[in-house]
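Before any comments, here is the structure.
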Amino acid sequence: MVGNSLGTDRPTKYAGAIDCDLHPAVPGMGVLLPYLDDYWREMVSVRALDRLNLSLTGYPQNAPLACRPDWTLDGGAKPGSSLQSMQQHALDRYQPRYGILNCLYGAQVFHSEDMAAAFCRATNDWIRDEWLSRDPRLRASIVIPVHNTELAVAEIERRADDFRFVQVMMLVSGEVTLGRRQLWPIYRLAERLDLPIGIHAGSAYRYAPTPVGWPSHYVEDYIAQSAAFENQLQSMIAEGVFAKFPNLKVVAIESGLTWLSGFIWRADKTWKGVRAEVPWVTRAPSEIVRDHVRFTMQPIDAADESEAILRLIDHMKSDRLFLFATDYPHWQFDGDAVLPSGLSEALSHRILSENALATYPRLSKTDHAMEIAL
Amino acid sequence: MSIIDVERSQSAKYKLQVIDCDIHPAMTSWKEIHPYLEKRWIEHLSVYGSHLRHAFSEALSHPRMSPDAARVDAYPEEGGPPGSSLDLMRKQHLDPNGVEIGMLIPLRWNPGSQRNLDLGVALTRAMNTWQVERWVKQEPRLRASVLVAQEDTVGAVAEIDARGGDPNFTQILILPRTDEPLGRRRYWPIFEAAVRNNLPITIHVGGTNGHPSTGGGWSSYYMEEHHMVAQAMQASLASLIFEGVFERLPELRIVIMEGGLGWIPSFSARMDKHWNRLRSEVPQVKRPPSEYVREHVWFTTQPMEEPGSSAALIDLFDRIGWDRLLFATDYPHWDFDDPRTAFKANLSESQRHQLLYGNARTFYGFGK
């Protein structure tokens, strides 16, 4: 937890890792203007959209969780909005081989499907030009308007040949549960293009974040994210997504992790009792999770993180599920304790890079593609 | 999910002694509560029925996988739904399973979810009297629960105060799908009444509030709906803690009923971790959330977790706290837990006795 590892972890012990969760921030809508078409550029001007602060309710800009104190930027700039600072705080310090950018901007949550699509496209273009092209270690997730499958598919197709885009990203809470068949064209394409579906904590707030309504506090919203992950896995399993798309991978990003034991116990038992309702689910949910779902390792919801990881590996009967991540610039750990201490060399190696390479096939392809480009 | 064809002999290696915290009584016909319901509401129900925030007035939106969500062997020969025959309940459950005390959890009509608040309150009043007259007075092993319509705080408090001195009642019953998270200020008078009357608040799965069952929309299948029951419990618990309810009312006791167990340690750790980071938002929370859970909350055991190894189950109990676990069967529902086979773990006799009997006896103050 807090402070106990300050000074005891050398940042270089993570060298060569794959950091599966870095958050670049759009500093303001102005940077996206070059990537909008004439109509949307005009709308930004006429409607003064660029004066809107699109910070997500799920990540209040100044909340302690949104930015580690020593990672704040000068002049109150948005945490994560400077590539130079990300390099200084995370990329140069921990020396990952790759870092995967997950941009949490308002683009994908506009109610207007057209507006969402235009801003997602612009965000992806901006990420490509201002981040991926400026640091060869960086890779990115494709931001999509999840609530319009056709437009989402078009945006993924637009990125298909750029192997630096290694994943499709969705917020864990959107308009419909993620197993629903209306989303399947997204999964079909993602499977074909070797793009895992990265489900990131966060909500479009179409509905109350809990089944008992709207809590008073941000801390309750954030805590409820782990329940949202459980429900979305249960949705994808029950609807048969993984039976339909046997090569599809899902990555749960910033989920908290330790809820997984309780999830598989409950899901397996429920499935045994009600499987007649979902005859296409022919394997226990725990097996499906083991084959298809991966988890980033910040935050780890436990007082003793290494004990929790070992317990989870025991319950899941697998050490291939967990992926190294800093969650930069979110404040999840202090000092250089990105991974809990006390894990074996072999396990650390799996977590740092092996598991991610197996999860993101396009990471391996980029090496090759870049050689060709050079 | 134990199918009940095992021999029920009391000559097993030890005599069962059980307190069952979750038994669902049913009505043979809804006319059973007419004597306790004003004529106005009898007519109202006949004409308009239930008025809830979902599509069917008399059915669940996610149909269950067995009729009446019941065990197939729980239908009385004389007719009526499972749970409606005291005779069968004795023969099938109370006698052979060594149930010394059984807690009634009536679920009919969802009074707390009725959009017509006056109807909700009238139903709780009638169903509370019905529990005593139809069940507890006929069978001394049974105890009633004070059903309340929590969305009408005034009506709920009046009902609690009316039943508080009646030893037939052992707890206050609220279904978790409340209109707002349970810790919100509008519900505080109910908790104050609970403390005043020295009754725990029991939160049993159920209710409808119009909110989708997940923050990302409605689930398609009962398989999903059944899973998220635990999440509704988590959100209710988090709300009670983060609104500071336990700081205001240090004597308040909560029972989470049928919400599962596997999530409790990780959820407590999650609350601690993020409270630690975000505590400036909630100065009313003075201690790590897990401490409030450990001191104020008990959990019933059905549906029992089956992690696949005895060691994992015992580790889970260790982390929750053995003294917090109250045995329940959920009779006559389909996922009934048999006291002989529910715990798939190597328990000592004293551990088994503590779970099946001792904890509930202490918690509810039986035998004092």
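Going down the list, the protein sequences come from chains A and B.
My numbering puts the first sequence at residues 4 to 377.
My numbering puts the second sequence at residues -8 to 359.
For every residue, glycine included, the Cβ atom is placed at its ideal position computed from N, Cα and C.
Beta carbon proximity, residue i to chain B, threshold 8 Å
{"i": "S344 of chain A", "result": "no"}
{"i": "T261 of chain A", "result": "yes"}
{"i": "V175 of chain A", "result": "yes"}
{"i": "T329 of chain A", "result": "no"}
{"i": "S85 of chain A", "result": "no"}
{"i": "A204 of chain A", "result": "no"}
{"i": "S229 of chain A", "result": "yes"}
{"i": "R269 of chain A", "result": "yes"}
{"i": "E280 of chain A", "result": "yes"}
{"i": "T369 of chain A", "result": "no"}
{"i": "H220 of chain A", "result": "yes"}
{"i": "Y190 of chain A", "result": "no"}
{"i": "A20 of chain A", "result": "no"}
{"i": "Y62 of chain A", "result": "no"}
{"i": "E233 of chain A", "result": "yes"}
{"i": "K272 of chain A", "result": "yes"}
{"i": "L59 of chain A", "result": "no"}
Assigned secondary structure, residue i (DSSP; H/G/I helix, E/B strand, else coil)
{"i": "C123 of chain A", "result": "helix"}
{"i": "Y212 of chain B", "result": "coil"}
{"i": "I96 of chain B", "result": "coil"}
{"i": "S176 of chain A", "result": "strand"}
{"i": "D53 of chain A", "result": "helix"}
{"i": "G83 of chain A", "result": "coil"}
{"i": "M18 of chain B", "result": "coil"}
{"i": "L347 of chain B", "result": "helix"}
{"i": "V220 of chain B", "result": "helix"}
{"i": "R142 of chain A", "result": "strand"}
{"i": "A155 of chain A", "result": "helix"}
{"i": "Q170 of chain A", "result": "strand"}
{"i": "M(-8) of chain B", "result": "Low local confidence applies: a pLDDT of 39 at M(-8) of chain B is under 50, so the model's placement there is unreliable, with the coordinate-based value given in what follows. M(-8) of chain B falls in the coil class under three-state DSSP."}
{"i": "V127 of chain B", "result": "helix"}
Range covered by the alpha helix (DSSP H) that runs through residue i
{"i": "I189 of chain A", "result": "187 to 195"}
{"i": "F354 of chain B", "result": "350 to 355"}
{"i": "G276 of chain A", "result": "263 to 277"}
{"i": "M56 of chain B", "result": "Note, M56 of chain B: premise wrong, no alpha helix (DSSP H); not H, not E."}
{"i": "G146 of chain B", "result": "144 to 154"}
{"i": "R20 of chain A", "result": "Residue identity differs from the one stated: residue 20 of chain A is Ala in this sequence, not Arg. Where A20 of chain A is concerned, there is no enclosing alpha helix (DSSP H), given that its DSSP letter is neither H nor E."}
{"i": "Y39 of chain B", "result": "30 to 39"}
CB contact below 8 Å: residue i versus chain A
{"i": "E297 of chain B", "result": "yes"}
{"i": "Q362 of chain B", "result": "The shown model of chain B, from -8 to 359, leaves out residue 362 of chain B, and the question about it has no answer."}
{"i": "D321 of chain B", "result": "no"}
{"i": "R175 of chain B", "result": "yes"}
{"i": "G103 of chain B", "result": "no"}
{"i": "F334 of chain B", "result": "no"}
{"i": "M214 of chain B", "result": "yes"}
{"i": "W289 of chain B", "result": "no"}
{"i": "Q141 of chain B", "result": "no"}
The beta strand (DSSP E) enclosing residue i, as first and last residue numbers
{"i": "Q162 of chain B", "result": "160 to 165"}
{"i": "Y221 of chain A", "result": "Segment 221 to 226 is the alpha helix (DSSP H) holding Y221 of chain A; no beta strand (DSSP E) there."}
{"i": "G111 of chain B", "result": "Run containing G111 of chain B: none in the beta strand (DSSP E); it sits in the alpha helix (DSSP H), 108 to 121."}
{"i": "I147 of chain A", "result": "Unbroken run through I147 of chain A: none, as it is neither H nor E."}
{"i": "M248 of chain B", "result": "245 to 248"}
{"i": "W289 of chain B", "result": "288 to 291"}
{"i": "L138 of chain B", "result": "133 to 138"}
{"i": "A287 of chain A", "result": "Here A287 of chain A belongs to no beta strand (DSSP E), and DSSP marks it neither H nor E."}
Supposed contact pair residue j and residue i - C-beta distance, whole angstroms, cut 8 Å
{"i": "V49 of chain A", "j": "Q111 of chain A", "result": "That belief does not hold up - the Cβ atoms of V49 of chain A and Q111 of chain A are roughly 23 Å apart, past 8 Å."}
{"i": "L350 of chain A", "j": "D304 of chain A", "result": "Not confirmed; about 19 Å, so no contact."}
{"i": "F360 of chain B", "j": "W289 of chain B", "result": "The question about residue 360 of chain B has no answer, for chain B in this structure spans -8 to 359."}
{"i": "G19 of chain A", "j": "S356 of chain A", "result": "6 Å"}
{"i": "F308 of chain B", "j": "L347 of chain B", "result": "Wrong, their Cβ atoms sit about 13 Å apart, outside the cutoff."}
{"i": "M319 of chain A", "j": "L360 of chain A", "result": "Actually they are not in contact, since the Cβ atoms of M319 of chain A and L360 of chain A sit about 19 Å apart, beyond 8 Å."}
{"i": "A257 of chain A", "j": "R184 of chain A", "result": "The amino acid occupying residue 257 of chain A in the given sequence is Glu; Ala does not appear at that position. Not quite, the Cβ-Cβ distance comes to about 27 Å (not below 8 Å), so this is no contact."}
{"i": "A328 of chain A", "j": "M300 of chain A", "result": "6 Å"}
(request) For the stretch 202 to 218 of chain A and the stretch 157 to 169 of chain B, state whether three or more C-beta atom pairs, one from each stretch, are separated by less than 8 Å. (result) yes
(request) Examine the Cβ distances between the stretch 213 to 228 of chain B and the stretch 263 to 273 of chain B and report whether three or more of them are shorter than 8 Å. (result) no
(request) Taking 8 Å as the threshold, find out whether the stretch 83 to 103 of chain B comes into contact with the stretch 310 to 330 of chain A through three or more Cβ pairs. (result) no
(message) Check whether the stretch 241 to 252 of chain A and the stretch 287 to 302 of chain A touch, using three or more Cβ-Cβ pairs below 8 Å as the test.
(response) yes
(request) Specify whether the stretch 296 to 306 of chain B and the stretch 330 to 337 of chain B touch according to this definition: at least 3 beta carbon pairs, one from each stretch, less than 8 Å apart. (result) yes
(message) Assess contact between the stretch 193 to 202 of chain A and the stretch 154 to 161 of chain B, defined as three or more Cβ pairs (one per stretch) separated by less than 8 Å. Is contact present?
(response) no
(message) With three or more beta-carbon pairs closer than 8 Å as the criterion, would you say the stretch 92 to 109 of chain B touches the stretch 136 to 150 of chain B?
(response) yes
(request) State whether the stretch 103 to 120 of chain A contacts the stretch 160 to 178 of chain A, with contact taken as three or more CB pairs (one from each stretch) at a distance under 8 Å. (result) yes
(message) Assess contact between the stretch 39 to 58 of chain A and the stretch 90 to 100 of chain A, defined as three or more Cβ pairs (one per stretch) separated by less than 8 Å. Is contact present?
(response) no
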